[in-house]
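Chains as they are written, first to last, in my numbering: chain A, 33 to 231; chain B, 33 to 231.
A short write-up of the structure that comes next.
Protein chains: 2
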Amino acid sequence: MVVKRRLGTESARNRQLLVEAAERLMVEEGAAAITSRKVAEKAGLKMQLVYYYFHTMDDLIVEVMREHAAKRLKGFVRALAAKDPFKALWEMNRDRSSANFNTELLALANQRERVRAELVTRACEFRALQIEAVDRLLAERGVDREQVPAGAIVTIIGALTRAMAQDRAYGVDDGYDEAVALVHKALEWLAAKEATSQQ
Amino acid sequence: MVVKRRLGTESARNRQLLVEAAERLMVEEGAAAITSRKVAEKAGLKMQLVYYYFHTMDDLIVEVMREHAAKRLKGFVRALAAKDPFKALWEMNRDRSSANFNTELLALANQRERVRAELVTRACEFRALQIEAVDRLLAERGVDREQVPAGAIVTIIGALTRAMAQDRAYGVDDGYDEAVALVHKALEWLAAKEATSQQ
DNA sequence: GTCTATACTTCGATAGAC
DNA sequence: GTCTATCGAAGTATAGAC
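This is the structure:
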């Protein structure tokens with residue numbers, strides 16, 4: 033396992049085709065559909081090329097995760113620059129294909145140790161970024177972050193959007209409008225309470 | 033596919049062994065580990081017996097889901113009878129193995145139509161029960177259910193517990209204590225606000 | 001009800017020619 | 001870099017003897 037004989041070539045055209053095919057399979061048919069044969073077929077290539085560019089299927093999947101995380105990060109930066117960053121963050125988090133992607137990753141992570149490790153790394157990294165950004169937003173709006181910590185908001189929004197995306201994937205989205213309305217209301221009231229209690 | 037020739041026997045000892053083995057595999061090794069060979073091995077039986085008691089693997093899995101749902105329902109009724117039903121509901125929802133079980137089901141549902149159908153049926157059924165129960169609890173406490181609808185609370189608690197269980201499964205539980213504290217605080221304030229605004 | 005034996009499929013991965 | 005050819009493991013499912 034340690035010594036690998038075959039070549040892996042970086043930044044070649046076919047390699048990129050394979051990664052993109054795998055990413056599409058993940059969203060469209062689920063992680064279970066990412067097999068060497070299906071990925072190659074979707075990319076219009078021969079199955080053996082998968083093993084030319086990646087030593088194992090794990091390597092392919094980890095690469096897909098990296099590229100997906102990079103895209104997500106760009107979207108995050110864009111959201112922060114929007115007029116209403118909270119809304120933009122919310123919308124971004126509830127993006128369907130991205131959330132679907134994450135659901136599949138959760139399943140994969142239960143079977144593949146390397147996927148689990150990569151998932152944890154990316155999740156913590158992204159979470160830290162989100163907390164930092166939300167904390168700054170709260171400070172700008174004069175909210176007491178001891179009463180309403182950024183970590184809590186990020187966690188609640190993340191949980192709601194993730195659960196909603198999962199439920200929608202099999203055709204259920206009851207309750208989320210109500211829940212979101214309640215969260216908004218609660219955040220407003222909390223902010224107002226803090227504002228008045230400081231005066 | 034429609035006509036099935038072989039026999040399936042109800043309520044036999046080995047059948048129950050197989051269902052229990054499958055359920056343990058689901059929690060311990062993930063849904064992907066539920067194969068005819070592994071289930072039989074875990075049950076100490078021959079692989080072919082799986083196909084004697086269940087026409088297909090889908091049938092086995094659906095049976096596992098049914099028995100799991102039945103257990104869950106019993107736990108729910110028990111939680112409602114507790115001194116602090118809200119807390120009991122929360123604790124029940126965050127039960128690890130049950131939540132883990134659900135995470136695996138989500139993945140399976142993306143691949144197997146019958147699992148998806150069964151999952152939706154059980155989820156809606158359970159959700160309706162929870163809403164009914166929470167609504168009654170809110171009424172007893174004099175909370176205005178127009179401002180704080182039971183559906184929203186059930187959704188938020190469900191999303192938080194599900195996300196927390198998923199994250200914990202791969203070793204992350206940052207933020208949930210904060211989030212839960214904020215939810216508790218928000219619920220209290222909402223209730224208080226309603227109480228005063230009614231007077 | 002349970003066993004032996006087996007058909008068929010798909011998977012990950014590799015060897016070696018070109 | 002890409003192809004033909006191939007292995008061995010594991011999966012679902014069935015036939016038929018006992």
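Glycine included, every Cβ here is placed at the ideal spot set by N, Cα and C.
Values in this document were obtained by computation on a predicted structure and should not be read as measured data.
Residue i, buried or exposed, once every other Cβ within 10 Å from all chains shown has been counted against 16
{"i": "ALA201 (chain A)", "result": "buried"}
{"i": "VAL175 (chain A)", "result": "buried"}
{"i": "ALA213 (chain B)", "result": "exposed"}
{"i": "ARG154 (chain A)", "result": "buried"}
{"i": "ALA171 (chain B)", "result": "exposed"}
{"i": "ALA114 (chain B)", "result": "exposed"}
{"i": "GLN231 (chain A)", "result": "The predicted position of GLN231 (chain A) is uncertain, since its pLDDT is 44 and thus under 50; a value taken from the coordinates is nonetheless stated next. Its Cβ having fewer than 16 others within 10 Å, GLN231 (chain A) is exposed."}
CB contact flag (residue i, residue j, <8 Å)
{"i": "MET79 (chain A)", "j": "ARG69 (chain A)", "result": "yes"}
{"i": "ILE93 (chain B)", "j": "LEU169 (chain B)", "result": "no"}
{"i": "VAL82 (chain A)", "j": "LEU105 (chain A)", "result": "no"}
{"i": "ALA211 (chain B)", "j": "ILE188 (chain A)", "result": "yes"}
{"i": "GLY62 (chain B)", "j": "GLN198 (chain A)", "result": "no"}
{"i": "ALA54 (chain A)", "j": "VAL71 (chain A)", "result": "yes"}
{"i": "THR193 (chain A)", "j": "LEU138 (chain B)", "result": "no"}
{"i": "ARG159 (chain B)", "j": "ASP206 (chain A)", "result": "yes"}
{"i": "ALA218 (chain A)", "j": "GLY190 (chain B)", "result": "no"}
Residue i in three-state terms, based on DSSP
{"i": "ARG177 (chain B)", "result": "coil"}
{"i": "ILE66 (chain B)", "result": "coil"}
{"i": "GLN231 (chain B)", "result": "Because the pLDDT at GLN231 (chain B) is just 44, under 50, the model does not fix this residue reliably, and the value given afterwards should be weighed accordingly. Reduced to three states, the DSSP call for GLN231 (chain B) is coil."}
{"i": "TYR83 (chain B)", "result": "helix"}
{"i": "VAL35 (chain A)", "result": "Bear in mind that a pLDDT of 44 at VAL35 (chain A), under 50, signals an unreliable position, so the number given afterwards is only what the model happens to contain. Three-state result, VAL35 (chain A): coil."}
{"i": "SER44 (chain B)", "result": "Checking the sequence, you will find Ala at residue 44 (chain B) rather than Ser. Note: ALA44 (chain B) maps to coil in three-state DSSP."}
{"i": "LEU138 (chain B)", "result": "helix"}
{"i": "VAL94 (chain B)", "result": "helix"}
{"i": "VAL215 (chain A)", "result": "helix"}
{"i": "TYR202 (chain A)", "result": "coil"}
{"i": "GLY207 (chain B)", "result": "coil"}
{"i": "ALA114 (chain A)", "result": "coil"}
{"i": "GLY76 (chain A)", "result": "coil"}
{"i": "THR22 (chain B)", "result": "This structure leaves residue 22 (chain B) out entirely; chain B is present only between 33 and 231."}
{"i": "GLN143 (chain B)", "result": "coil"}
{"i": "ARG148 (chain A)", "result": "helix"}
{"i": "ASP127 (chain A)", "result": "coil"}
{"i": "ARG104 (chain A)", "result": "helix"}
Residue i to residue j span [Cα, whole Å]
{"i": "ILE185 (chain B)", "j": "GLU73 (chain A)", "result": "46 Å"}
{"i": "MET89 (chain B)", "j": "VAL96 (chain B)", "result": "11 Å"}
{"i": "LYS103 (chain B)", "j": "ARG47 (chain A)", "result": "48 Å"}
{"i": "VAL204 (chain A)", "j": "HIS87 (chain B)", "result": "29 Å"}
{"i": "ASP91 (chain B)", "j": "ASN132 (chain A)", "result": "26 Å"}
{"i": "GLY76 (chain B)", "j": "TYR84 (chain B)", "result": "15 Å"}
{"i": "VAL34 (chain A)", "j": "GLU60 (chain B)", "result": "Note that VAL34 (chain A) scores a pLDDT of 40, beneath 50, so its modelled location is shaky; the value from the coordinates is reported in the next line. Approximately 29 Å between the Cα atoms of the pair."}
{"i": "SER129 (chain B)", "j": "ARG126 (chain A)", "result": "27 Å"}
{"i": "HIS216 (chain A)", "j": "GLU52 (chain B)", "result": "44 Å"}
{"i": "TYR208 (chain B)", "j": "CYS156 (chain A)", "result": "14 Å"}
{"i": "ARG5 (chain B)", "j": "ASP116 (chain B)", "result": "The structure shown does not extend to residue 5 (chain B), since chain B is modelled only from 33 to 231, so the question has no answer here."}
{"i": "GLU178 (chain A)", "j": "ARG177 (chain B)", "result": "29 Å"}
{"i": "HIS100 (chain B)", "j": "LEU151 (chain B)", "result": "11 Å"}
{"i": "MET124 (chain A)", "j": "VAL147 (chain B)", "result": "29 Å"}
{"i": "GLU145 (chain B)", "j": "THR67 (chain A)", "result": "20 Å"}
{"i": "ARG14 (chain B)", "j": "ARG173 (chain A)", "result": "This structure leaves residue 14 (chain B) out entirely; chain B is present only between 33 and 231."}
{"i": "ALA251 (chain B)", "j": "VAL180 (chain B)", "result": "Lying before the first or after the last residue shown, residue 251 (chain B) is absent from chain B, which here runs from 33 to 231."}
Contact test: residue i Cβ vs the ligand COA heavy atom, cutoff 7 Å
{"i": "LYS106 (chain A)", "result": "No copy of the ligand COA occurs in the structure displayed, which carries no ligand at all."}
Integer-rounded CB distance, given that residue j should sit under 8 Å from residue i
{"i": "ALA182 (chain A)", "j": "ASP167 (chain A)", "result": "4 Å"}
{"i": "PHE108 (chain B)", "j": "LEU161 (chain B)", "result": "7 Å"}
{"i": "TRP221 (chain B)", "j": "TRP221 (chain A)", "result": "6 Å"}
{"i": "ALA165 (chain B)", "j": "LEU112 (chain B)", "result": "6 Å"}
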